[in-house]
Amino acid sequence: MIAVTGATGQLGRLVIAALLKKVPANQIIAAVRSPEKAKDLADLGVQVRQADYSKPETLDSAFKGAEKLLLISSSEVGQREAQHNAVIAAAKRAGVKLLAYTSLLHADKSPLGLGVEHRATEKALSESGIPFVLLRNGWYTENYAASIAPALAHNAFIGSVGEGRISSAARQDYAEAAAAVLVLGDQGGKIYELAGDESYTLAEFSAEIAHQSGKKVDYVNLPEAEFAKALLGAGLPEGLANMLADSDAGAEKGGLFDDSHTLSKLIGRPTTPVKDVIAATLKSL
9 MIAVTGATGQ
19 LGRLVIAALL
29 KKVPANQIIA
39 AVRSPEKAKD
49 LADLGVQVRQ
59 ADYSKPETLD
69 SAFKGAEKLL
79 LISSSEVGQR
89 EAQHNAVIAA
99 AKRAGVKLLA
109 YTSLLHADKS
119 PLGLGVEHRA
129 TEKALSESGI
139 PFVLLRNGWY
149 TENYAASIAP
159 ALAHNAFIGS
169 VGEGRISSAA
179 RQDYAEAAAA
189 VLVLGDQGGK
199 IYELAGDESY
209 TLAEFSAEIA
219 HQSGKKVDYV
229 NLPEAEFAKA
239 LLGAGLPEGL
249 ANMLADSDAG
259 AEKGGLFDDS
269 HTLSKLIGRP
279 TTPVKDVIAA
289 TLKSL
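The sequence shown runs 9 to 293 under the working numbering.
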């Protein structure tokens with residue numbers, strides 16, 4: 009059986025959907041914090057089990073019988089190391105034969121602050137004795153697409169990336185990659201650096217928004233501290249604002265760029281074009 013943590017999250021649901029095309033539903037475990045939010049998965053025949061990263065006592069029963077486990081990194085930045093360690097320990101007790109982890113693009117050398125907890129988790133995996141595979145995910149194009157609405161409202165897309173190039177891909181692309189790895193054999197010890205086929209600057213991203221919307225959208229580059237302040241002013245929590253500003257600063261140093269095309273090779277098709285994500289976002293506004 010294959011267990012997927014965070015299965016009701018944005019990435020998790022897409023992974024489950026991709027797995028359902030490859031394996032029978034009753035061979036998939038959706039490990040979720042709130043089982044009541046996964047009724048639709050249960051209706052499809054997926055085994056829904058409670059698994060709360062912050063409640064280790066829920067993990068043993070969640071992983072029972074799982075041969076493979078996808079650990080989708082926690083969304084709670086600052087608490088990830090402890091939460092991930094709890095999952096790894098429970099996976100070992102359950103006899104999991106392969107643990108796949110959604111890490112960060114080039115986590116071993118990433119200039120992004122997010123890399124710290126990912127490196128800690130990768131170290132814990134290497135010391136666990138469990139065969140593991142690293143899915144080092146680059147940026148989701150949706151991360152930047154989420155700012156399209158305010159960019160249109162203010163005729164400006166703000167950031168702190170400078171001329172840094174970003175090789176993002178759609179969340180769907182990363183989900184298909186995870187599903188592919190989970191059904192392949194002999195994956196222990198492999199590291200996948202996953203990113204989009206194309207790269208862009210935020211100035212180019214802004215120009216594409218302008219082109220498709222027919223509205224003026226200029227890219228405004230801000231120092232990291234000013235960008236964080238602007239995000240705070242827009243209502244984002246301080247931790248999230250600082251993390252996004254730090255990530256932009258890391259992207260300026262090349263932290264979100266990769267041209268290996270590993271992701272498209274793994275999923276057997278080109279990654280989703282950035283213009284398509286922009287078009288879908290504009291259509292939804």
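The C-beta atom is built at its ideal place from N, Cα and C for all residues, glycine as well. Model, not experiment: these values are computed from the prediction.
Bounding residues of the beta strand (DSSP E) (the contiguous stretch that carries residue i)
i, result
"Gln18", "Element bounds for Gln18: not the beta strand (DSSP E) but the alpha helix (DSSP H), 18-28."
"Asp226", "226-229"
"Ser111", "106-112"
"Lys76", "76-79"
Straight-line Cα distance separating residue j from residue i
i, j, result
"Lys30", "Val124", "34 Å"
"Ala242", "Gly197", "42 Å"
"Gly258", "Leu264", "8 Å"
"Lys273", "Pro245", "37 Å"
"Val228", "Ser155", "13 Å"
"Ala90", "Glu84", "11 Å"
"Ser42", "Ala15", "10 Å"
"Glu130", "Ala98", "16 Å"
"Glu65", "Gln220", "50 Å"
"Leu293", "Leu28", "30 Å"
"Ser268", "Gln195", "19 Å"
"Tyr152", "Asp256", "11 Å"
"Pro139", "Leu133", "8 Å"
"Ala159", "Ser175", "21 Å"
"Leu122", "Ser69", "30 Å"
"Asp116", "Leu142", "11 Å"
"Glu150", "Pro281", "12 Å"
"Gly53", "Ala128", "35 Å"
"Ile103", "Glu135", "It should be noted that the sequence gives Gly, not Ile, for residue 103. Distance between the alpha carbons of Gly103 and Glu135: 15 Å."
"Ser168", "Ser82", "25 Å"
"Ala288", "Gly137", "43 Å"
"Gln180", "Ile199", "20 Å"
"Leu240", "Glu234", "10 Å"
"Ala39", "Asp226", "42 Å"
"Pro119", "Ala178", "22 Å"
"Val95", "Gly247", "24 Å"
For residue i, the three-state DSSP class (helix, strand or coil)
i, result
"Ala59", "coil"
"Leu202", "strand"
"Val285", "helix"
"Ser82", "coil"
"Val54", "coil"
"Phe265", "coil"
"Val31", "coil"
"Thr280", "coil"
"Gln180", "helix"
"Ala185", "helix"
"Leu290", "helix"
"Leu192", "coil"
"Leu115", "For clarity, residue 115 is Ala in the given sequence; the question names Leu instead. DSSP places Ala115 in coil when its eight states are reduced to three."
Residues bridged to residue i [DSSP beta-bridge criterion]
i, result
"Thr13", "Ala39"
"Tyr208", "Ile174"
Start and end residues, alpha helix (DSSP H) containing residue i
i, result
"Lys273", "270-275"
"Gly258", "246-260"
"Glu44", "First-last for Glu44: undefined, no H or E at that position."
"Arg243", "Residue identity check: residue 243 is Gly in the sequence provided, not Arg. That residue, Gly243, is in no alpha helix (DSSP H); it is neither H nor E in DSSP."
"Asp68", "67-71"
"Lys223", "Note, Lys223: premise wrong, no alpha helix (DSSP H); not H, not E."
"Gln91", "88-102"
### Task
Go through the stretch 118-169 residue by residue and report every complete run of the alpha helix (DSSP H) that reaches 4 residues or more, in order.
Runs of the alpha helix (DSSP H) inside the stretch 118-169: 123-136, 149-153, 156-162.
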